[in-house]
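Numbers 16 to 477, taken from the numbering used here, label the letters of the sequence shown in order.
Backbone N, C-alpha and C define an ideal beta-carbon position, used for all residues, glycine too.
Right, one structure below, let's go through it.
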Amino acid sequence: MDKKNHEGSFKKAIGPFSGISIVAGMVIGSGVYYLGSYVLERTGMSLGWSLVAWIVGGLITIISGLCFAELGASMPVAGGQTIYLSRAYSPMWGFLNGFSCFLLVGSGGVAALAMAAVTAYRTVFEISDVMVKVIAILIILVLMTINLLGVKEMTLYQNFSMVIRLVPIILIIIVGLATGEQNPDLSLSLVGTSAEGGNVISVISMIGFATFASLWAYDGWYNLNTVAEEMRNPKKDLPFAIIVSLVGVTLIYTLFYLAVYKVLPMQDIVNMISDGNLYLGNEVVARTLGGTGTWLVLICMTIGIVGSANVNTLCDPRTYYAMAHEGYFPKIFGHLDEKHGVPSYGIMISSGMAILLVIFNSLQDLTDMLIFATSILNAMTVYAVLIMRKKYPDLERPYKVWGGKVTIVITCIAYLILMVNELLDAPKSGLIGIGVMVVSACVYFYFKKKNGGKEYQGEGIE
C-alpha cells in the first residue's frame, strides 16, 4: 500500500455535516415518494408487512454502511469501493466495480434521477417523452458545470438541497401523524399475501421481494467513501456521517409511510396503485394542505432528486480518477484540474455517458437495471471487511463494525437471499445486472491483454 505520486491533490473541503449531506442527499431522492407502492404490492397490500420491509431494508443498509465505514476509515483514499474490492479479492473485481459504475450504475443513476425530476411534473403538466429527455439532459449539463467549479461549490448546493428536500417529507410526517384519522391495520397477518398458508420460507421470500423494492430508495449511501480523501478528518467523520445519516433515513422512511397510512384509507391506496398513481405522499399533501402544499412538495422533491444526481456527478469521477492512476482507465480520467482541484475530464465524460443513457432508455428501464448490479458489489464489499482483517492485520482501524464476524456474515446472507429471490420473482432486472458484470469482465481481460498482461494493481491514490 505504498503511496503514489499523482498530479495535484484533492482539497480537504468536506466536514461532518457535509458528509451527512452527501450520504443523505444521495439516498433521499425520488424513491421515498413512489417505491412504497411497489413494496405494498409485493406484500399483498399488507400495511404491517410493508413497514417491516422498509425497516429490514434500512437495517441491511445501516449494517452495510458500518462495514464501509471500517474500510473507509482504515483506507481514506480516492476510489472507495473500487479500491476495497481490488485489495480484498483481486484487481479484476475492483475493475468490475469501476467499469460497471461508468457503464450503468453511476451514469445510469444520474440519468434516472434527472428523468425522475422531470417526470414528477407530469401530475400537473402534459410533458412528452422527448421533452422529458431534453430537460433531463439540461439538468445533467447544469450539474456537470457546478461540479467543474470545485467541491466547495458542490457542497454549498448539497447542504442547501439537503435542508430543502427534508421540508415536504417532515411536513407529511408531522401533518399525517397529527391529523390523520385512519386507524391502519398494521397487523402481520398473512391473509391475502403471497405467503398465505405457507411456511417460514414463503414468509422470508415475501419479505425479501418487498425489501428488494425498497433498496432503490436507500441506494447511494456508499458514495461518501469515494471522496474520503477530500474529508478534513476522514477517520473520525466518515463513520460518524455514515451512521447518523443512515439511521436517520431509515427512521424518516418508516415514519413517512406510517403517516401516509394514517391519512389515506386502505381502499383509496389500493385504487391509486391500481390506476398507476404511485405517489402516495403527494396525495397526502393534496388532502391535508391543498394545492399550495402540492406545489411545495413538487418543488422540494425536484431539489431533492437533483441533489441526489449531484452527488453521483461528484463521486463517480473520483473512482475513475483512481483507476486511471492504476493504469486501467484512459489517462484523461486521471487529470486533476489545478485551479479547482477536481477531475474535470472525468466529470465531463461521465456526464456524457449519463446523457447517452437518457437518450436511449426510459426511466423504468434504468431503475430496473440498477439495483441488482449494485447489490452484488455491495455484498462482496461487506464480506471484504473479513478478508481485509486477515490480509492486513496490522492496518490501523480507527473504527470496527459492531458485532464482528456475525454481523458481517448475516448481512451477506441477507443480500444473497434478496438477490436469489429477485431472480426467481423478477428475473429481467437480475439477468441484466449479471450481464453488466459479465460485459465488464470481458472489458477487463481486453485491457489486460492490451497492456501486455500487466495486472490492474488496485492500489488507489493515497
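Please classify isoleucine 184: does DSSP put it in a helix, a strand, or coil?
Within the sequence shown, the letter at position 169 stands for residue 184. Looking at isoleucine 184 - three-state DSSP - the assignment turns out to be helix.
Is there at least one Cβ from chain D nearer than 8 Å to valine 326's Cβ?
Considering every chain present, this structure includes no chain D. It has just one protein chain.
In three-state terms, what does DSSP make of isoleucine 29?
Locating residue 29 in the sequence shown gives position 14, counting from the first residue. Reduced to three states, the DSSP call for isoleucine 29 is strand.
Nearest to arginine 247 by CA position, among Asn286, Pro91, Ala126, is which residue?
The residue you call residue 247 lines up with position 232 of the sequence shown. For arginine 247, the nearest C-alpha among the options comes from Pro91.
Could you check if alanine 193 is buried or exposed, using at least 16 other CB atoms within 10 Å of its CB as the buried criterion?
The count along the sequence shown starts at 1 and reaches residue 193 at position 178. For alanine 193, the number of other beta carbons within 10 angstroms of its own is below 16, and it is reported as exposed.
Run through DSSP, which three-state label would tyrosine 459 get?
In the sequence shown, residue 459 corresponds to position 444, counting from 1. Helix.
Give me the Cα-Cα distance between tyrosine 360 and threonine 328, rounded to the nearest whole angstrom.
Translated into positions along the sequence shown, residue 360 becomes position 345. Translated into positions along the sequence shown, residue 328 becomes position 313. Near 12 Å, if we compare the C-alpha coordinates of threonine 328 and tyrosine 360.
Should the segment 315-335 be called in touch with the segment 124-132, which here means at least 3 C-beta pairs below 8 Å?
With contact defined as three or more Cβ pairs closer than 8 Å, the segment 315-335 and the segment 124-132 are in contact.
Give me, in chain order, the residues of the same chain whose beta-carbon lies closer than 6 Å to that of tyrosine 48; leave out the 5 immediate sequence neighbours on both sides.
For the purposes of this step, residue 48 is taken as residue 33 along the sequence shown, with counting starting at 1. Cβ neighbours of tyrosine 48 beyond the five flanking positions: Tyr294, Gly296.
Taking asparagine 436 as part of the alpha helix (DSSP H), name the residues at either end of that continuous run.
By 1-based counting over the sequence shown, the position of residue 436 is 421. Run containing asparagine 436: 419-440, per the alpha helix (DSSP H) assignment.
Kindly indicate which three-state DSSP category alanine 88 falls into: helix, strand or coil?
Here the question's residue 88 lines up with position 73 in the sequence shown. In the structure shown, alanine 88 sits in a helix (DSSP, three-state: H, G or I).
At which residues does the alpha helix (DSSP H) containing threonine 58 begin and terminate?
In the sequence shown, counting from the first residue as 1, residue 58 sits at position 43. Segment: none, threonine 58 is in no alpha helix (DSSP H) and carries neither H nor E.
Tell me, please, whether the segment 175-195 touches the segment 296-309 by the rule of three or more beta-carbon pairs shorter than 8 Å.
yes
Looking only at its own chain, which residues have a Cβ that is under 7 Å from the Cβ of glutamate 56, when we skip the five neighbours before and after it?
Counted from its first residue, the sequence shown places residue 56 at position 41. Hits under 7 Å: Ile288.
Residue range of the alpha helix (DSSP H) that serine 377 falls in?
Along the sequence shown, read from residue 1 onward, the residue named residue 377 stands at position 362. No alpha helix (DSSP H) contains serine 377, which DSSP labels as neither H nor E.
With a threshold of 16 other CB atoms inside 10 Å of the CB of phenylalanine 387, please say whether the residue is buried or exposed.
One-based indexing of the sequence shown puts residue 387 at position 372. With 16 or more Cβ atoms within 10 Å of its Cβ, phenylalanine 387 is classed as buried.
Mind reading off the beta-carbon distance from glycine 46 to alanine 225? Whole number of angstroms is fine, and I expect it under 8 Å.
As a first step, residue 46 is located in the sequence shown; it is residue number 31 there, counting from the start. As a first step, residue 225 is located in the sequence shown; it is residue number 210 there, counting from the start. Not really, about 14 Å apart at Cβ, beyond 8 Å.
Which word fits aspartate 234, buried or exposed, when buried means at least 16 other C-beta atoms lie within 10 angstroms of its C-beta?
By 1-based counting over the sequence shown, the position of residue 234 is 219. Under a 10 Å Cβ-count criterion, aspartate 234 is classified as buried, with 16 or more other Cβ atoms of the shown protein chains found around its own Cβ.
Just the C-alpha distance for valine 262 and tyrosine 336, rounded to the nearest angstrom, thanks.
Along the sequence shown, read from residue 1 onward, the residue named residue 262 stands at position 247. Along the sequence shown, read from residue 1 onward, the residue named residue 336 stands at position 321. Computed Cα separation, rounded: 30 Å.
Reducing DSSP to helix, strand and coil, say where asparagine 20 ends up.
Along the sequence shown, one-based indexing puts residue 20 at 5. Reliability fails at asparagine 20, whose pLDDT of 42 lies under 50, so the model's placement of it is uncertain and the value that follows must be treated cautiously. Three-state result, asparagine 20: coil.
Would the beta-carbon of leucine 205 fall within 8 Å of that of glutamate 211?
Here the question's residue 205 lines up with position 190 in the sequence shown. Here the question's residue 211 lines up with position 196 in the sequence shown. Yes, Cβ-Cβ distance for leucine 205 and glutamate 211 is below 8 Å.
Report the rounded CA-to-CA distance for leucine 62 versus valine 147, giving the unit in angstroms.
Reading the sequence shown from its first residue, position 47 is the one you call residue 62. Reading the sequence shown from its first residue, position 132 is the one you call residue 147. Computed Cα separation, rounded: 33 Å.
By how many angstroms is the C-alpha of threonine 265 removed from the C-alpha of leucine 74?
Along the sequence shown, read from residue 1 onward, the residue named residue 74 stands at position 59. Along the sequence shown, read from residue 1 onward, the residue named residue 265 stands at position 250. The straight-line gap from Cα to Cα measures roughly 8 Å.
Cα separation between leucine 164 and threonine 334?
Residue 164 sits at position 149 when you count from the first residue of the sequence shown. Residue 334 sits at position 319 when you count from the first residue of the sequence shown. Leucine 164 and threonine 334: Cα-Cα distance of roughly 19 Å.
Can you check whether the CB of valine 435 is closer than 8 Å to the CB of leucine 118?
Here residue 118 corresponds to residue number 103 of the sequence shown, with the count starting at 1. Here residue 435 corresponds to residue number 420 of the sequence shown, with the count starting at 1. Not a contact, by the Cβ cut-off of 8 Å.
Report all residues from its chain with a CB closer than 6 Å to the CB of valine 54; omit the five preceding and five following residues, and keep chain order.
By one-based count along the sequence shown, residue 54 stands at place 39. Cβ neighbours of valine 54 beyond the five flanking positions: Ser65, Ala68, Ala225, Ala228, Ser229.
Which residues in the same chain as leucine 86 place their Cβ atom closer than 6 Å to its Cβ, once the five residues preceding and following it in sequence are excluded?
The residue you call residue 86 lines up with position 71 of the sequence shown. Here the set comprises Tyr99.
Short check: CB of methionine 221 to CB of threonine 58, under 8 Å?
Here residue 221 corresponds to residue number 206 of the sequence shown, with the count starting at 1. Here residue 58 corresponds to residue number 43 of the sequence shown, with the count starting at 1. Cβ atoms of methionine 221 and threonine 58: closer than 8 Å.
How many Å lie between valine 120 and leucine 385 at the Cα?
By 1-based counting over the sequence shown, the position of residue 120 is 105. By 1-based counting over the sequence shown, the position of residue 385 is 370. So the two alpha carbons sit approximately 6 Å from each other.
Could you round the C-beta distance between leucine 433 and glycine 223 to whole angstroms and report it? I think they count as a contact, below 8 Å.
One-based indexing of the sequence shown puts residue 433 at position 418. One-based indexing of the sequence shown puts residue 223 at position 208. Their Cβ separation, rounded to whole angstroms, is 5 Å, which keeps leucine 433 and glycine 223 in contact under 8 Å.
Report, in whole angstroms, the separation of the C-beta atoms of alanine 88 and proline 254, which I expect to be a contact under 8 Å.
As a position in the sequence shown, residue 88 is number 73, starting the count at 1. As a position in the sequence shown, residue 254 is number 239, starting the count at 1. Between proline 254 and alanine 88 the Cβ distance is about 6 Å, and since that is below 8 Å, they are a contact.
Tell me the rounded alpha-carbon separation between valine 416 and valine 145.
Along the sequence shown, read from residue 1 onward, the residue named residue 416 stands at position 401. Along the sequence shown, read from residue 1 onward, the residue named residue 145 stands at position 130. Cα to Cα, the separation comes out at about 47 Å.
Less than 8 Å between the CB atoms is what I'm expecting for alanine 399 and tyrosine 104, so what's the real figure, rounded?
Taking the sequence shown and counting its residues from 1, the one referred to as residue 399 is at position 384. Taking the sequence shown and counting its residues from 1, the one referred to as residue 104 is at position 89. Indeed they touch by this definition, with Cβ atoms about 7 Å apart.
Taking 8 Å as the threshold (C-beta atoms), are valine 458 and alanine 151 in contact?
By one-based count along the sequence shown, residue 151 stands at place 136. By one-based count along the sequence shown, residue 458 stands at place 443. Against a cut-off of 8 Å, the Cβ pair of valine 458 and alanine 151 comes out as no contact.
Mind checking lysine 420: buried by the 16 CB within 10 Å criterion, or exposed?
As a first step, residue 420 must be located in the sequence shown, where it is residue number 405. Exposed, by the Cβ-count rule.
CB alanine 564 to CB threonine 317, shorter than 8 Å?
Residue 564 lies beyond the residue range present for the chain, which begins at 16 and ends at 477; the question has no answer from this structure.
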